[in-house]
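Residue numbers (this note's numbering): 19 to 279. The beta-carbon is built from N, C-alpha and C at its ideal position, and this holds for glycine as well. Note that the coordinates shown come from a computational prediction; the quantities given were computed from them, not determined experimentally. Accompanying notes for the structure given below.
In structure tokens:
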């Protein structure tokens with residue numbers, strides 16, 4: 019699905035990825051490319067392509083002129099961070115840590131044999147939501163989901179169990195409460211621009227994200243770039259060339275980040 023291929027001139031090709039449609043056709047140096055997105059509630063496990071479509075797309079396309087004969091579809095993490103809103107109550111006692119596995123929908127773009135990228139689309143439509151205060155906040159992609167705290171043993175079992183595949187990127191979040199008071203979580207922000215994407219037998223994953231609630235009320239977020247699935251192949255680099263994002267602010271900012279109540 020993510021490999022380079024050389025399309026036959028004048029033929030429409032299609033990918034079906036978790037319910038979204040991806041289309042491509044080449045005539046000479048002219049490429050027609052596009053994605054028909056879906057809502058989060060419409061995501062399904064199906065993921066296949068490219069294959070000759072036998073028809074034409076029914077939505078607007080991007081036209082790119084490039085001297086290339088080979089092309090590849092590539093997943094990449096969105097530029098906006100994800101704001102995970104918990105549908106359930108989660109409380110973490112002082113001095114303890116827990117883990118969550120979440121599946122985040124990637125964006126899609128085409129990579130030409132020249133190394134250039136053509137277009138970028140979000141195949142899963144997510145609502146925008148504001149995160150933080152007016153001055154220091156960020157526009158995020160809303161991801162409502164149930165948060166299921168996991169032990170190391172549960173994490174291993176879940177990581178090896180059934181997965182949806184396609185554009186859903188498996189992310190492990192390690193949350194540690196270094197303070198004495200409990201953390202009552204309703205939201206978690208994942209800075210997706212820091213995350214690369216790896217491919218392991220058709221399933222996408224990224225590096226472990228660490229979130230440390232410190233005794234002074236600050237929050238430290240970092241990415242374990244070496245913590246990814248063994249044997250996985252790197253598909254896309256992180257958008258931001260840094261291994262760690264360090265945030266140290268007051269209690270109010272921590273509450274805005276984690277949804278403390």
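Residue 103 vs residue 163 beta-carbon contact at 9 Å:
Here the question's residue 103 lines up with position 85 in the chain shown. Here the question's residue 163 lines up with position 145 in the chain shown. For residue 103 and residue 163, yes; Cβs fall inside 9 Å.
Taking C-alpha atoms, which residue in 130, 40 and 141 lies nearest to residue 24?
Numbered from its first residue, the chain shown carries residue 24 at position 6. The residue with the shortest Cα to Cα distance from residue 24 is 130.
Curious, which full-length beta strand (DSSP E) runs of at least 3 residues does the stretch 183-211 contain?
186-195 and 201-208
Using beta-carbon positions only, say whether residue 20 and residue 71 come within less than 9 Å of one another.
In the chain shown, residue 20 corresponds to position 2, counting from 1. In the chain shown, residue 71 corresponds to position 53, counting from 1. Contact flag unset, no.
For residue 58, three-class secondary structure by DSSP:
Looking up residue 58 in the chain shown gives position 40. Residue 58: helix per DSSP, three-state reduction.
Use the C-beta contact count for residue 31: other C-beta atoms within 10 angstroms, 16 or more gives buried, fewer gives exposed.
Counting from 1 along the chain shown, the entry for residue 31 is found at position 13. Buried, since its Cβ has 16 or more Cβ neighbours within 10 Å.
Apart from the five residues on each side of it in sequence, which residues of its chain come closer than 8 Å, Cβ to Cβ, to residue 27?
What you label residue 27 is simply residue 9 of the chain shown in a count that begins at 1. Cβ within range, chain order: 44, 45 and 46.
State the DSSP-derived secondary structure class of residue 29, mapped to helix, strand or coil.
The count along the chain shown starts at 1 and reaches residue 29 at position 11. Coil, per DSSP.
Along the beta strand (DSSP E) that carries residue 147, what are the first and last residues, could you check?
Taking the first residue of the chain shown as 1, we reach residue 147 at position 129. Segment 146-149, the beta strand (DSSP E) holding residue 147.
Counted within 10 angstroms of its Cβ, other Cβ atoms place residue 95 as buried (16 or more) or exposed:
Translated into positions along the chain shown, residue 95 becomes position 77. Buried.
How is residue 77 classed by DSSP in three states: helix, strand or coil?
Indexing the chain shown from 1 puts residue 77 at position 59. Coil at residue 77, not helix or strand.
Over what stretch of residues does the beta strand (DSSP E) that includes residue 70 continue unbroken?
Stepping through the chain shown from its first residue, residue 70 is reached at position 52. Here the beta strand (DSSP E) through residue 70 covers 65-70.
In chain order, what residues of the same chain lie with their CB nearer than 6 Å to the CB of residue 184, ignoring the 5 residues before and after it?
As a working note, residue 184 is residue 166 in the chain shown. Cβ neighbours of residue 184 beyond the five flanking positions: 35, 36 and 65.
Taking just the CA atoms, how far does residue 258 sit from residue 33?
For this step, residue 33 is matched to residue 15 along the chain shown. For this step, residue 258 is matched to residue 240 along the chain shown. Cα to Cα, the separation comes out at about 28 Å.
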